[in-house]
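Going by our numbering, the residue at position 262 of the sequence shown is 262; the numbering climbs one at a time, nothing skipped.
Even for Gly, the Cβ is constructed at its ideal location relative to N, Cα and C.
What you are looking at is a predicted structure, and each value in this text was computed from that prediction instead of being measured.
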Amino acid sequence: MSVQINLGIIGAGKITTRPLGQLESIQALHAPDVQVKALCDVVPGFARKVADQYGIEMAFEDYHEMLKDDSINAVTINTPTNSHKQIAIDCLKAGKHVYLEKPITINAAEMKELLDVANASPGVFVAGSNGLFQSQMFLFKKMIDAGEMGEVYMVSVDRAASLRDGYGKGIRKKALNEGISKHSASHNVEWALFMLGDPKPVSVVAKGYYKEGNTSIPESAREEDDDGCIAMVLFDNNASFTYKAFRAAPMRDRYDMKIYGDKMSVEYDVHKCYKGDQFGWFYKDCIRMYRKDDFVNMQEIDPHFDVERGHIAIYRHFFDCIRRGEKSTISNGERGLVTMQILDAIEKSIALGGRQVMMEDLK
Ligand SMILES: NC(=O)c1ccc[n+]([C@@H]2O[C@H](COP(=O)([O-])OP(=O)(O)OC[C@H]3O[C@@H](n4cnc5c(N)ncnc54)[C@H](O)[C@@H]3O)[C@@H](O)[C@H]2O)c1
1 MSVQINLGII GAGKITTRPL GQLESIQALH APDVQVKALC DVVPGFARKV ADQYGIEMAF
61 EDYHEMLKDD SINAVTINTP TNSHKQIAID CLKAGKHVYL EKPITINAAE MKELLDVANA
121 SPGVFVAGSN GLFQSQMFLF KKMIDAGEMG EVYMVSVDRA ASLRDGYGKG IRKKALNEGI
181 SKHSASHNVE WALFMLGDPK PVSVVAKGYY KEGNTSIPES AREEDDDGCI AMVLFDNNAS
241 FTYKAFRAAP MRDRYDMKIY GDKMSVEYDV HKCYKGDQFG WFYKDCIRMY RKDDFVNMQE
301 IDPHFDVERG HIAIYRHFFD CIRRGEKSTI SNGERGLVTM QILDAIEKSI ALGGRQVMME
361 DLK
């Protein structure tokens, strides 16, 4: 039996409305069985205004009112992270399917509470990084699982954004607990876990940086937040993940992920892939792959595939799970919990001035 999916979106801010944001991504799917039926935002009149722009029928200021509408069977949560857990629990308990933006929660304790509710609910729960679902990531994963890359022993992410581009202003000033070691690393820790086969994290070493006058950190959060982060996570399968991210660096914008295998390695220039050139074409060389031949010479191989960006792929997955009446097997919150444990450990190591934190010592 076919299911009509009537979606309500909570939070009408940037990720909902920006170019390549969620509303555009849903439109790009051209799914006849999906309708964005309602928008909700606490700012008086804001949801109505945005709903009118996009031809969305219903607008709410209190999400509890939206949840009472039985015609809405699916909800996306795009509010600041410190509100995620409670809103998600309320949505799941109201019998809705839920897609929850990253960072899923503010810490692992919240994530555990939410995951228990999600696992006990019949609805679909998809939570976390949209970037994980894009076709290029699945290509890398397929190559890893097929053994083409040999032993994959490290994933690294290197990210820099300069204040010139306004990165980190706006929401970061308003919302606590959204420093670079949480809001940005939450994507990348999930990606690393996925690529490395979900190994068990053993320990974390991390250092955070912030500077007086750095506008992307709210003053009240400076004691507990950071504007630059360098971290190393060690896993029980001998693999590691290294993370470097600076959002106030006078540095060319960059966002690279590298996957190191003993037979093959991948360089993924995320910004280049997402942005394309001025004609709207994706850069062909935004993903580069290198392989050792039989004589241990290195060859560059040319990957032929389309890259995806935005939220199209995660919505395709969310809607497919609802259509099939099946829980997500990719991002159902289980990896989200490990991600939050690692982010907690990063936070703790930063607070300890860079001392190694053993995962088994975390409560
Ligand atoms: N996947 C990505 O690449 C990506 C990028 C940016 C942001 N995000 C995530 O999306 C979420 C929202 O970020 P944003 O940039 O759109 O923020 P934003 O501040 O632009 O929008 C958030 C909106 O939520 C509304 N809101 C807050 N509490 C609410 C509540 N209880 N009920 C209804 N509305 C409420 C606010 O009024 C605001 O309009 C965050 O979790 C953020 O981490 C993800």
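Of all the options the options, which has the alpha carbon lying nearest to the alpha carbon of residue i?
| i | options | result |
| --- | --- | --- |
| residue 79 | 321, 100 and 96 | 100 |
| residue 299 | 330, 332, 263 and 273 | 263 |
| residue 113 | 266, 30 and 333 | 333 |
| residue 47 | 285, 130 and 10 | 10 |
| residue 87 | 69, 71 and 62 | 62 |
| residue 327 | 89, 119, 192 and 142 | 119 |
| residue 7 | 104, 24 and 71 | 71 |
| residue 316 | 19, 18, 23 and 17 | 23 |
| residue 64 | 55, 41 and 81 | 41 |
| residue 91 | 115, 109 and 106 | 115 |
| residue 130 | 20, 157 and 197 | 20 |
| residue 82 | 352, 108 and 231 | 108 |
| residue 93 | 343, 117, 313 and 266 | 117 |
| residue 128 | 271, 285 and 335 | 335 |
| residue 244 | 236, 237 and 205 | 205 |
| residue 350 | 182, 89, 17 and 16 | 182 |
| residue 194 | 95, 134 and 17 | 134 |
| residue 158 | 200, 16, 314 and 256 | 256 |
May I have the straight-line CA-CA distance separating residue i from residue j, to the nearest angstrom?
| i | j | result |
| --- | --- | --- |
| residue 289 | residue 208 | 31 angstroms |
| residue 187 | residue 34 | 26 angstroms |
| residue 358 | residue 58 | 48 angstroms |
| residue 324 | residue 3 | 9 angstroms |
| residue 339 | residue 189 | 6 angstroms |
| residue 52 | residue 38 | 11 angstroms |
| residue 102 | residue 294 | 42 angstroms |
| residue 173 | residue 146 | With a pLDDT of only 37 at residue 173, under 50, the local geometry of the prediction cannot be trusted, and no value is derived from it. |
| residue 356 | residue 156 | 19 angstroms |
| residue 192 | residue 153 | 11 angstroms |
| residue 273 | residue 136 | 10 angstroms |
| residue 297 | residue 104 | 43 angstroms |
| residue 32 | residue 43 | 31 angstroms |
| residue 308 | residue 111 | 28 angstroms |
| residue 148 | residue 329 | 23 angstroms |
| residue 342 | residue 236 | 14 angstroms |
| residue 67 | residue 337 | 26 angstroms |
| residue 270 | residue 197 | 21 angstroms |
| residue 320 | residue 362 | 36 angstroms |
| residue 184 | residue 132 | 13 angstroms |
| residue 27 | residue 238 | 43 angstroms |
| residue 56 | residue 141 | 37 angstroms |
| residue 230 | residue 360 | 21 angstroms |
| residue 60 | residue 36 | 13 angstroms |
| residue 95 | residue 89 | 10 angstroms |
| residue 121 | residue 331 | 15 angstroms |
| residue 275 | residue 18 | 14 angstroms |
Counting only C-beta atoms, is residue i closer than 8 angstroms to chain D at any point?
| i | result |
| --- | --- |
| residue 129 | Chain labels in this structure do not include chain D; a single protein chain is all it has. |
Give me, in chain order, the residues of the same chain whose beta-carbon lies closer than 7 angstroms to that of residue i; leave out the 5 immediate sequence neighbours on both sides.
| i | result |
| --- | --- |
| residue 234 | 202, 203 and 240 |
| residue 150 | 261, 262, 263 and 264 |
| residue 12 | 39, 41, 46, 47 and 50 |
| residue 16 | 9, 22, 23 and 78 |
Tell me which same chain residues have a C-beta within less than 6 angstroms of the C-beta of residue i, skipping the five on either side of it?
| i | result |
| --- | --- |
| residue 254 | 160 |
| residue 318 | 99 and 126 |
| residue 97 | 74, 123, 124 and 322 |
| residue 311 | 22, 25 and 130 |
| residue 252 | none |
| residue 242 | 156 and 232 |
| residue 301 | 289 and 291 |
| residue 258 | 156 and 267 |
| residue 76 | 9 and 99 |
| residue 348 | 357 |
| residue 54 | 23 |
| residue 286 | 269, 272 and 273 |
Determine the burial state of residue i: buried for a count of at least 16 other Cβ atoms within 10 Å of its Cβ, exposed for fewer.
| i | result |
| --- | --- |
| residue 73 | buried |
| residue 247 | buried |
| residue 85 | buried |
| residue 14 | exposed |
| residue 30 | exposed |
| residue 345 | buried |
| residue 352 | exposed |
| residue 169 | Only weak support is given to the placement of residue 169: the predicted model assigns it a pLDDT of 45, under 50, and the value that follows is read from those uncertain coordinates. Looking at its Cβ environment, which holds fewer than 16 other Cβ atoms inside 10 Å, residue 169 is exposed. |
| residue 227 | buried |
CB-CB under 8 angstroms to residue i, same chain, minus the five flanking residues each way: which ones, in chain order?
| i | result |
| --- | --- |
| residue 354 | 205, 206 and 207 |
| residue 144 | 152, 195, 197, 259 and 261 |
| residue 199 | 193, 235, 236, 237 and 239 |
| residue 313 | 130, 133, 134 and 135 |
Ranges of the beta strand (DSSP E) found wholly within the segment 60 to 125, counting only runs of at least 3 = The beta strand (DSSP E) runs lying completely inside the segment 60 to 125 and spanning 3 residues or more are 74 to 77 and 97 to 100, given in chain order.
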